[in-house]
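Q: In the numbering used here, the protein residues as written are 47 to 622.
Yeah, the Cβ is synthetic: ideal placement off N, Cα and C, and Gly gets one too.
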Amino acid sequence: MSTLNVEVLQNGSVHNGDSIINEGHELDEYDFSRFVDRPRLLNLERQRSCDEKSLNDFSVGFSPHPSLRADNFSRAFDNLDGLYSPGRRSGCNTPMSHFVYAMMAPDPHPMIAEAWDDLRRALVYFRSQPVGTIAALDSSDEKLNYDQVFVRDFVLSALAFLMNGEPEVVKNFLLKTLRLQGWEKKIDRFQLGEGVMPASFKVLHDPIRNTETLMADFGETAIGRVAPVDSGFWWIILLRAYTKSTGDTALAEKPECQKGIRLILSLCLSEGFDTFPTLLCADGCSMIDRRMGVYGYPIEIQALFFMALRCAMILLKHDGPGKDLIERIVKRLHALSYHMRNYFWLDLKQLNDIYRYKTEEYSHTAVNKFNVMPDSLPDWVMDFMPLHGGYFVGNIGPSHMDFRWFCLGNCVAILSSLATQEQSSAIMDLIESRWEELVGDMPLKVCYPAIEHHEWRIVTGCDPKNTRWSYHNGGSWPVLLWLVTAACIKTGRPQIARRAIELAETRLSKDGWPEYYDGKQGRYIGKQARKHQTWSVAGYLVAKMLLEDPSHLGMIAIEEDKHLKPVLRRSSSWTA
Ligand code: GLC
């Protein structure tokens, strides 16, 4: 672990909206897309300047395809209409909002108060300021690194605090992790990239000297020395959520924040030997942080990459060093969305095409571009694929198609609008038609299906924590409830989220908010699951708040840019 004294930064002001209008809408009848880009707090001028900055102020330095023009990207951020929804879950301070809540809101579920207690107990303080939340409050088991603040885990706590009108801890976290990014990072004699964000950090108290120190893990102490590729993406996504939610554009505009974004992205946008616009990664570099056969081009990273690029477009200043980067982002977004929407997308038609593929094709006319062998099609996928529905497969590389369904990547693809509207609906159709497999008794499977027997030996390296239908290998993770809820709201299907939340409410609190569940149906508390896992708690709260007030979606979802749509339909595009 790297250790260094870091002083608390307190620059910049946080704007807590005090003029709030509550909208008591009936969920099912909504056009949810209109929530996606609505600012939440009064400070319109500043909010507008931040959002509209996307591409308006710069000219792309290459011959622009119409879809790459600045106004196309920024159009998605134009619909600022000055209407607001409550910044505080129960603390709305206008008489109107009290009235509407009293009339419309059902009694809050008793689990909500319990969850808030847990979440507040999980707060970690550094020099008297809250800077994050601990991964798990479970004292019964060996702690390993569950006593740390994980970047990816904290995003959930952060969203809960933002939705509740408490942005301070989020701002402190963003600034603190930014300072950690600036550390010199080494594994043995190898120096890591400047932009790498930590997987996690911890506050060390020295009772004798009465000092506090931060310790960060950039992968150099992690089990398996895995690289936290997702941390930087989550940091950018959270910065945009904070800005959107508070209207405080000053934080993102700070030179150190701008530099932080640039450093993260220059890790991913640098030129190399790549033949694809997707990001090449080692195994275990995201939420699935163990060997699980997710090396190469895992969907989770690709979706987060896309989301982070789109958020960066909003946050980056369009002058000075940001300008050149934005040009590269635009090009990459275009190539990435084309690649993902065409090659990662799987539905019945496409599956049938693969089933009948010819192999060993050479040259530009190849239909089977990645030389996928039809014999590598697993039996399960033929039954799993519904008549209506589809999803982004887990991974694609040379002669390699990982057909597994991964929850996080597919939901982030919906939220970021990497998925077209048709693809987003198809993903929701699939979740509905494969409810038993993907939701079962506890939402939601991290991936489907599990790897078993010999394949498990080869792919996981005989990992006893990742046995079939456990943990990352087909385990059920309550934290994913928020993601599916957000995806449901974006696609106008809140009833699916309600069903999943009700299911979780039958067990989560009784079982002590476990990290994950085991078994084909997710019926058993995970063998090595921590209890009082903070992101299980925060994920539930975020899901509830999203359903209660769908305008919260705006901080974590981005509207589709129509011009990024592929012209051809998925299957025919293989022959294009
Ligand atoms: C486990 C999970 C990882 C999570 C961490 C802390 O390592 O695999 O995704 O961030 O626990 O909860």
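What does DSSP give as the partner residue(s) for CYS327 in the beta ladder?
A: Within the sequence shown, residue 327 is the residue found at index 281, counting from 1. Bridge partners of CYS327: GLY342.
Q: Considering only DSSP beta bridges, list what TYR570 is partnered with.
A: Looking up residue 570 in the sequence shown gives position 524. Note: TYR570 sits in a beta bridge opposite ASP564.
Q: Is it buried or exposed for LEU202, if we count other Cβ within 10 angstroms and need 16 for buried?
A: Taking the sequence shown and counting its residues from 1, the one referred to as residue 202 is at position 156. Counting Cβ neighbours within 10 Å, LEU202 comes out buried, since at least 16 surround it.
Q: Name the two residues that bound the continuous beta strand (DSSP E) containing PHE322.
A: Start at 1 with the first residue of the sequence shown, and residue 322 comes out as number 276. That residue, PHE322, is in no beta strand (DSSP E); it is neither H nor E in DSSP.
Q: THR289 to TRP391, Cα distance in whole Å?
A: Start at 1 with the first residue of the sequence shown, and residue 289 comes out as number 243. Start at 1 with the first residue of the sequence shown, and residue 391 comes out as number 345. Each residue's alpha carbon lies about 32 Å from the other.
Q: So, is GLN93 buried or exposed, given that buried needs 16 or more other C-beta atoms within 10 angstroms?
A: Here residue 93 corresponds to residue number 47 of the sequence shown, with the count starting at 1. Caution applies to GLN93, whose pLDDT of 40 falls short of 50 and renders its modelled position unreliable; the model cannot decide the point.
Q: Measure the beta-carbon distance from TYR403 to VAL418 and round it to whole angstroms, keeping in mind my assumption that it falls under 8 Å.
A: For the purposes of this step, residue 403 is taken as residue 357 along the sequence shown, with counting starting at 1. For the purposes of this step, residue 418 is taken as residue 372 along the sequence shown, with counting starting at 1. Right, the Cβ-Cβ distance comes to about 6 Å (below 8 Å), so this counts as a contact.
Q: Using C-beta distances below 7 Å, list every residue in its chain close to GLN467, excluding the 5 sequence neighbours before and after it, in chain order.
A: The residue labelled residue 467 in the question sits at position 421 within the sequence shown. Exclusion of the five residues before and after GLN467 leaves GLU606 as the residues of its chain whose Cβ lies within less than 7 Å of its Cβ.
Q: Below 8 Å, how does it come out for the stretch 576 to 590 and the stretch 182 to 191: are there three or more Cβ pairs, yes or no?
A: Judged by Cβ distances under 8 Å, the stretch 576 to 590 makes contact with the stretch 182 to 191, as three or more pairs qualify.
Q: Give me, in chain order, the residues of the same chain whose beta-carbon lies closer than 7 Å to that of GLU626; leave out the 5 immediate sequence neighbours on both sides.
A: It is not possible to answer for residue 626, since the shown part of the chain is limited to 47 through 622.
Q: Mapping the DSSP letters down to three states, classify ILE477 as helix, strand or coil.
A: Counting from one through the sequence shown, the residue named residue 477 turns up at place 431. The answer is helix: DSSP assigns ILE477 an H, G or I state.
Q: Run the proximity test for TYR341: is its beta-carbon closer than 7 Å to any non-hydrogen atom belonging to the ligand GLC?
A: Reading the sequence shown from its first residue, position 295 is the one you call residue 341. For TYR341, the Cβ stays outside the 7 Å cut-off from all heavy atoms of the ligand GLC.
Q: Run through the stretch 374 to 421 for me and flag every whole beta strand (DSSP E) of 3 or more residues, listed as ranges in chain order.
A: 391 to 393
Q: On a Cα-Cα basis, can you pick out the residue from ASP421, ASP335, SER463, ALA206 that is closest to PHE352?
A: Looking up residue 352 in the sequence shown gives position 306. Nearest of ASP421, ASP335, SER463, ALA206 to PHE352, Cα basis: SER463.
Q: Does at least one heavy atom of the ligand GLC sit under 7 Å from the Cβ of ASP234?
A: In the sequence shown, the residue the question calls residue 234 occupies position 188. For the ligand GLC, not one heavy atom lies less than 7 Å from the Cβ of ASP234.
Q: On the DSSP bridge assignment, give the partners of TRP451 in chain order.
A: Residue 451 sits at position 405 when you count from the first residue of the sequence shown. According to DSSP, which records beta bridges pairwise, TRP451 is partnered with VAL439, TYR494.
Q: Assuming contact is defined by CB atoms lying nearer than 8 Å, are SER597 and LYS536 in contact in what I supplied?
A: Here residue 597 refers to the residue found at position 551 when the sequence shown is read from its first residue. Here residue 536 refers to the residue found at position 490 when the sequence shown is read from its first residue. Result no, Cβ atoms of SER597 and LYS536 do not sit closer than 8 Å.
Q: Taking its Cβ as the centre, do 16 or more other Cβ atoms sit within 10 Å of SER291, making it buried, or is it exposed?
A: In the sequence shown, counting from the first residue as 1, residue 291 sits at position 245. Its Cβ being crowded by 16 or more others within 10 Å, SER291 is buried.
Q: Given a threshold of 16 other Cβ atoms within 10 Å of its Cβ, counted over all protein chains shown, does CYS314 qualify as buried or as exposed?
A: Numbered from its first residue, the sequence shown carries residue 314 at position 268. So CYS314 ends up on the buried side.
Q: Closest to THR324 by C-alpha separation, out of PRO301, ILE334, PHE247, GLN348, would be which residue?
A: On the sequence shown, position 278 is the one that residue 324 refers to. Out of PRO301, ILE334, PHE247, GLN348, the CA that lies nearest to the CA of THR324 is found in GLN348.
Q: Specify, as a first and last residue, the run of the beta strand (DSSP E) that GLN175 falls within.
A: For this step, residue 175 is matched to residue 129 along the sequence shown. Note, GLN175: beta strand (DSSP E), 175 to 179.
Q: According to DSSP, what are the bridge partners of GLN579?
A: Along the sequence shown, read from residue 1 onward, the residue named residue 579 stands at position 533. GLN579 is bridged to ALA182.
Q: Which whole-angstrom value is the C-beta distance of LEU587 and ALA206, which I expect to be below 8 Å?
A: The residue given as residue 587 occupies position 541 in the sequence shown. The residue given as residue 206 occupies position 160 in the sequence shown. That belief holds up - the Cβ atoms of LEU587 and ALA206 are roughly 4 Å apart, short of 8 Å.
Q: Of the residues LEU529, GLU548, ALA296, LEU397, which one's Cα is nearest the Cα of ALA584?
A: Reading the sequence shown from its first residue, position 538 is the one you call residue 584. Checked all of LEU529, GLU548, ALA296, LEU397; the closest Cα to ALA584 is LEU529.
Q: With a cut-off of 8 Å, do at least 3 Cβ pairs link the stretch 293 to 302 to the stretch 372 to 389?
A: no
Q: Where ILE604 and ILE307 are concerned, what is the direct C-alpha to C-alpha distance, given to the nearest angstrom?
A: By 1-based counting over the sequence shown, the position of residue 604 is 558. By 1-based counting over the sequence shown, the position of residue 307 is 261. Cα to Cα, the separation comes out at about 18 Å.
Q: Along the chain, where does the beta strand (DSSP E) that runs through VAL170 open and close?
A: Along the sequence shown, read from residue 1 onward, the residue named residue 170 stands at position 124. Run containing VAL170: 169 to 172, per the beta strand (DSSP E) assignment.
Q: Could you tell me the boundaries of the alpha helix (DSSP H) in which ASP199 lies?
A: Start at 1 with the first residue of the sequence shown, and residue 199 comes out as number 153. Going by DSSP, ASP199 is part of the alpha helix (DSSP H) stretching over 197 to 209.
Q: Which word fits GLN227, buried or exposed, when buried means at least 16 other C-beta atoms lie within 10 angstroms of its C-beta?
A: Here residue 227 corresponds to residue number 181 of the sequence shown, with the count starting at 1. So GLN227 counts as buried.
Q: Which whole-angstrom value is the C-beta distance of VAL195 and PHE247, which I expect to be below 8 Å?
A: Along the sequence shown, read from residue 1 onward, the residue named residue 195 stands at position 149. Along the sequence shown, read from residue 1 onward, the residue named residue 247 stands at position 201. Sure, about 5 Å apart at Cβ, within 8 Å.
Q: Any idea if GLU406 is buried or exposed, counting beta-carbon neighbours within 10 angstroms, 16 or more meaning buried?
A: If you number the sequence shown from 1, residue 406 lands on position 360. Per the 10 Å Cβ criterion, exposed.
Q: Buried or exposed: where does CYS508 fall if 16 or more other Cβ atoms within 10 Å of its Cβ makes it buried?
A: For the purposes of this step, residue 508 is taken as the residue at position 462 of the sequence shown. By the neighbour-count rule (16 or more Cβ atoms within 10 Å), CYS508 is not buried but exposed.
Q: For a test of your reading of the model: does the CB of ALA181 fall under 7 Å from any non-hydrogen atom of the ligand GLC? Yes or no.
A: As a position in the sequence shown, residue 181 is number 135, starting the count at 1. Yes, the ligand GLC has a heavy atom inside 7 Å of this Cβ.
Q: Determine whether the beta carbon atoms of ALA168 and THR506 lie at a separation below 8 Å.
A: Here residue 168 corresponds to residue number 122 of the sequence shown, with the count starting at 1. Here residue 506 corresponds to residue number 460 of the sequence shown, with the count starting at 1. Their beta carbons are not under 8 Å apart, which means ALA168 does not touch THR506 by this criterion.
Q: What residues match up with ILE233 in a beta bridge as DSSP calls it?
A: Residue mapping note: residue 233 aligns to position 187 of the sequence shown, counting from 1. DSSP lists PHE236 as partners of ILE233.
Q: Using DSSP with H/G/I as helix, E/B as strand and the rest coil, what is HIS446?
A: Locating residue 446 in the sequence shown gives position 400, counting from the first residue. HIS446 falls in the strand class under three-state DSSP.
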